[in-house]
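Numbering (my numbering), first residue to last: 163 to 302. No residue lacks a Cβ here, since even glycine has one placed at the ideal position from N, Cα and C. Quick caveat, the model's predicted, so the values are computed rather than measured. Notes follow once the structure below has been shown.
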């Protein structure tokens, strides 16, 4: 882990967020705010940090409760979804498709970056996120 050359190709660079279903999203967010001091926004909470490979760059990880009936996690009973920060989302999706990995839909462009979804071997939908630089992110 420490010191090996990770190259510049497509790869996961960190955890982008943890998203999960909640029967009462508003009450749950209030509990985390009131009891654990988590700052809450419309998206949940954002934890800022510095990039290891580029300390001048600010990164962030999202903690995001979703309504129990959300369709965002895809079909089925999946109760959570992990979001991975990636470098070179296009290259990553091309590599995954070539390996026969199920890619869900097309890459989506949003103000805070580009997103894609794939299905892991256990049938879980996971989210891949190529973030814009923090200074350009309208949600921070």
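Can you look up residue i in the DSSP assignment and give me helix, strand or coil?
i	result
residue 198	helix
residue 297	helix
residue 278	strand
residue 173	strand
Under 7 Å Cβ to Cβ from residue i, same chain only, skipping five residues before and after it: list those, please.
i	result
residue 306	The chain is shown only over 163 to 302; residue 306 falls outside these bounds and no answer can be derived.
residue 230	183, 184 and 185
Could you name the residues of the same chain whose beta carbon sits closer than 6 Å to that of residue i, not counting the 5 residues immediately before and after it, in chain order?
i	result
residue 221	211 and 213
What residues match up with residue i in a beta bridge as DSSP calls it?
i	result
residue 271	276
residue 208	224
Any idea if residue i is buried or exposed, counting beta-carbon neighbours within 10 angstroms, 16 or more meaning buried?
i	result
residue 206	buried
residue 198	exposed
residue 216	exposed
residue 293	buried
residue 285	exposed
Here's a check: name, in chain order, each residue in its chain whose Cβ is nearer than 8 Å to the Cβ of residue i, leaving out the five neighbours to either side.
i	result
residue 287	235, 236, 240, 243, 266, 279, 280 and 281
residue 228	181, 182, 183, 184, 187, 234 and 235
residue 201	195, 207 and 208
Since residue i and residue j are thought to touch, with beta carbons under 8 Å apart, how far apart are those beta carbons, to the nearest angstrom?
i	j	result
residue 208	residue 290	Contact doesn't hold; Cβ gap of about 19 Å is too wide.
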